[in-house]
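Novice: According to the working numbering, numbering within the sequence shown proceeds without interruption in unit steps and concludes at 511. By construction, the Cβ of each residue, glycine as well, lies at the ideal position given by its N, Cα and C atoms.
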Amino acid sequence: MDTNRHLRGYEALVNWFIGKTLAATALVLALFFASSTVKVQAATPPGLAYPLWDWRLVKDGALPQTVGYFPLEDVLSIKVEDGARLNVTPNQMVVVLQSQVAWKKEIAAWGSCQGTTSFVFTDGSNVGPNSMLITKGTCGTDTIVLRKAKAWGWMTDMYNLDLTNFWRLWAGKIVTITWVSDNPLPTPPNQGIANAYPMPCSSPCLPLGIPAPTLPPQGPYIIRAKNSGKVLDVPTSIDGASIRQFDYLSDPGEKWLLVPLPDGFFKIVSKLSGKALDVTGFSLSNGTLIQQYSYLGGDNQRWQLELVEDGFFKIVCKQSGKVLDVQGMSTSNGALIQQWDYLGGDNQKWQLILADDTYPPSASFKIAAKQTGKALDVQAASTTNGALIQQWDYIGGDNQNWQLVPVESGYFRIAAKHSGKVLDVQGMSTSNGAPIQQYDYLGGDNQKWRFILVQNGFFKIVAKQSGKVLDVQGASPSDGALIQQWNYLGSDNQKWSVEKN
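1. Give me the Cβ distance between Val508 and Pro227, rounded to the nearest whole Å; I'm assuming they're in contact under 8 Å.
2. For Thr512 and Phe422, I'd like the C-alpha separation in whole angstroms.
3. Around the C-beta of Asp167, are 16 or more other C-beta atoms found within 10 angstroms, so that it is buried, or is it exposed?
4. What is the DSSP secondary structure of Asp356, counted as helix, strand or coil?
5. Terminal residues of the continuous beta strand (DSSP E) containing Arg312?
6. Suppose contacts are defined by Cβ-Cβ distances below 7 Å. Is Lys332 in contact with Gln358 by that definition?
7. With the cut-off set at 7 Å, would you say Phe256 and Asn343 are in Cβ contact?
8. Counting only the same chain and skipping the five closest in sequence on each side, list residues whose C-beta sits under 6 Å from that of Ile377.
9. Excluding five sequence neighbours on each side, which residues of the same chain lie with their C-beta closer than 7 Å to the C-beta of Val464?
10. Quick one: residues in its chain with C-beta nearer than 6 Å to the C-beta of Pro245, no 5 flanking neighbours on either side, listed in chain order?
11. Below 8 Å on the Cβ atoms is my guess for Phe275 versus Lys328; work out the distance and round it to an integer in Å.
12. Among the candidates Gln301, Leu271, Lys281, Gln494, whose CA atom is the shortest distance from the CA of Asp261?
13. Taking Tyr258 and Val241 to be in contact with their CB atoms under 8 Å, please state how far apart those CB atoms are, rounded to whole angstroms.
14. When DSSP builds the beta bridges, which residues end up paired with Lys470?
15. According to DSSP, simplified to helix, strand and coil, what is Ala391?
16. Assuming Ile232 and Ala365 form a contact by the criterion Cβ under 8 Å, report the distance between their Cβ atoms to the nearest whole angstrom.
17. Are the beta-carbon atoms belonging to Ala397 and Gln389 less than 7 Å from one another?
18. Give me, in chain order, the residues of the same chain whose beta-carbon lies closer than 6 Å to that of Leu267; leave out the 5 immediate sequence neighbours on both sides.
19. Taking Cβ positions, are Val435 and Ala473 nearer each other than 7 Å?
20. In the region 228-302, which residue ranges form an unbroken beta strand (DSSP E) of at least 3 residues, counting only runs that do not cross its ends?
21. Per DSSP, what kind of secondary structure is Asp408 in: helix, strand or coil?
22. List the whole-angstrom C-beta distance separating Ile363 from Ile462, where the pair is believed to meet the contact cut-off of C-beta under 8 Å.
23. Hey, Thr290 and Gln302: beta-carbon distance below 7 Å or not?
24. Rounded to whole angstroms, what's the CA-CA distance from Lys236 to Asp335? Just pull it up for me.
25. Pull up the distance between the alpha-carbon of Ala286 and that of Val269, whole angstroms please.
26. Quick one: measure Cβ to Cβ for Gln7 and Lys431, integer angstroms, because I've assumed they're closer than 8 Å.
27. Taking buried to mean at least 16 other C-beta atoms within 10 Å of its own C-beta, is Ile405 buried or exposed?
28. Do Gln381 and Asp249 have their C-beta atoms closer together than 7 Å?
29. Between which two residues does the beta strand (DSSP E) harbouring Ser507 extend?
30. Relative to the C-alpha of Trp313, which candidate in Val326, Ser488, Leu492 has its C-alpha closest?
31. Would you mind reading off the limits of the beta strand (DSSP E) that contains Asp434?
32. In whole angstroms, what is the alpha-carbon distance linking Leu492 and Leu480?
33. To the nearest angstrom, report how far apart Leu433 and Ser238 are at their CA atoms.
34. Whose C-beta lies closer than 6 Å to the C-beta of Lys265 among residues of the same chain, with five residues either side of it excluded?
35. Can you name, in chain order, every residue of its own chain whose Cβ lies under 7 Å from the Cβ of Val318, other than the five neighbours on each side?
36. Compare the Cα-Cα distances from Gly519 to each of Ser488, Ala251, Arg254 and report the closest residue.
Written out as structure tokens, the structure reads:
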């Protein structure tokens, strides 16, 4: 008996019947051992995603399709930008059947040069280095390949890139994903119709050719309720202190850090105390108060930001699925914050604004348009008053690096590193289309800017004087397109990432 083949077949069935009962899986085992293909069917073609299951293939054309399932030969080819570092988390397995069995995983750094191949393996019992530096020039390739894990038992597995390192190092980079096989005579697998895919991938999920997701800076942020204009506040550092809303006074208890977690959620941490937002008593009930507590890692301390309208988010607890809510829709100072089912009220919608002490004045940033990925740039690297601001491919010059210097509550001057001059709305205009220039800082409201999160990782940058936002003229994709101010319309030429150098 070919034991390995039977185990691979069972692995396919475990994958195929994910979400079904163990009894149902056992019932049909005998029906599929003699077959040779796996048919993959989906109602709508899902995007190719991280992490990828062994037989979750996505190809052009009609579905269902017949595709090969080769547990040891199929590979996921990931092409990344030159110099990106790929970090792999050792021992990251998804166990469908709750039995621990022997297993071995292989990671292959694959390079093809003049018909030869070379591999670098990492073994489950001898993990070794957990990262590979990808550089161009070796055999003219910047492609690495991850081999699928080899399961020795009733287990389905996936290889997961370390999410923390992924966010930090690949954010904004183009990642091209293709599926290949390196064996002309693959091992015959079992067959079945997979009418549902395994669980959706945990964040990040990457459709082909789409830039990797961008996380927002950690902050701190002011978190402001739409209905009252007041902000989340905690008045003390003790565990169990209730969270309330209050007028913004620029106190540390009104500033919060968004700290990303490997599962795609955030812990929301008080700058005053270092403690996290917490649903009291792990409760699932409406009306449970929100407190601060030392971070213990529970799902009652994990939160997700979900955009509900331009510039406003609901803040959702992982454990309960309920949202931050101002008790009784109050507009008063001191009103307590609770969790509640999302009903769409303005007391459940929150705006996140970078606080005025987010970074030291010496820190510098690349500020890039979401639409193009191009950076704010002082034309011709001029140091003269009145030089216009444009977008340009980021080269790293100091005319593309900006310092955020707090000037008053929630506002910054945005200073070019090479000149020390600041972003300025020409002529103190309040009109759409007024150009943005650099100028000596004079303290005018046309030189003060607020960063409001409008989407994970992207801000609108709002002039205090006019209330209008930085906008790439004509939504142009070209280098040299000028930056102007315009009413906020929610388009990608008005959304900006802020990446610390």
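Specialist: Taking the geometry as given:
1. Contact flag correct, Cβ pair sits at about 6 Å.
2. This structure does not reach residue 512, given that the chain is present from 11 up to 511, and the question cannot be answered.
3. In this predicted model, Asp167 has a pLDDT of only 27, less than 50, meaning its place in the structure is not dependable; the value taken from the coordinates is given anyway. So Asp167 ends up on the buried side.
4. In this structure, DSSP gives Asp356 a helical state, which the three-state scheme calls helix.
5. From DSSP, Arg312 is part of no beta strand (DSSP E); its letter is neither H nor E.
6. In this structure, Gln358 does not lie closer than 7 Å to Lys332 by Cβ.
7. Their beta carbons are under 7 Å apart, which means Phe256 touches Asn343 by this criterion.
8. Closer than 6 Å at the Cβ level, and outside the excluded window around Ile377, lie Leu386, Trp412, Trp506, Val508.
9. Cβ within range, chain order: Asp320, Gly321, Lys470, Lys505.
10. Closer than 6 Å at the Cβ level, and outside the excluded window around Pro245, lie Gly263.
11. The C-beta distance from Phe275 to Lys328 rounds to 5 Å, short enough to fall under 8 Å.
12. Of the listed residues, the one whose Cα sits closest to Asp261 is Lys281.
13. That belief holds up - the Cβ atoms of Tyr258 and Val241 are roughly 5 Å apart, short of 8 Å.
14. Answer by DSSP bridge pairing, in chain order: Ile462.
15. Helix at Ala391.
16. So it is a contact: roughly 5 Å between Cβ atoms.
17. For the pair Ala397 and Gln389, the CB atoms are nearer than the 7 Å cut-off.
18. Answer for Leu267: Gln228, Gly229, Pro230, Val279, listed in chain order.
19. Cβ atoms of Val435 and Ala473: closer than 7 Å.
20. Restricted to the region 228-302, the beta strand (DSSP E) segments that are unbroken, complete and at least 3 residues in length are 231-235, 241-243, 254-256, 266-270, 276-280, 286-289, listed in chain order.
21. Taken through DSSP and simplified to helix, strand or coil, Asp408 comes out as helix.
22. For Ile363 against Ile462, the beta-carbon gap comes to about 5 Å, under 8 Å, which counts as contact.
23. Against a cut-off of 7 Å, the Cβ pair of Gln302 and Thr290 comes out as no contact.
24. Whole-angstrom Cα-Cα distance: 11 Å.
25. Roughly 10 Å between the two C-alpha positions.
26. The chain is shown from 11 up to 511; residue 7 falls before or after that span and cannot be answered.
27. Looking at its Cβ environment, which holds fewer than 16 other Cβ atoms inside 10 Å, Ile405 is exposed.
28. The criterion of a C-beta distance shorter than 7 Å is not satisfied by Gln381 and Asp249.
29. Per DSSP, Ser507 belongs to the beta strand (DSSP E) from 506-510.
30. In terms of CA proximity to Trp313, Val326 leads the group Val326, Ser488, Leu492.
31. Run containing Asp434: 432-435, per the beta strand (DSSP E) assignment.
32. Using only the alpha carbons, I get a separation of about 10 Å.
33. Straight-line measurement puts the Cα of Ser238 at about 31 Å from the Cα of Leu433.
34. Taking C-beta separations shorter than 6 Å and ignoring five residues to either side along the sequence, the partners of Lys265 in its chain run Pro230, Lys281, Ala365, following chain order.
35. Correct list, in chain order: Lys324, Lys359.
36. Any property of residue 519 remains undetermined from this structure, which presents the chain solely from 11 to 511.
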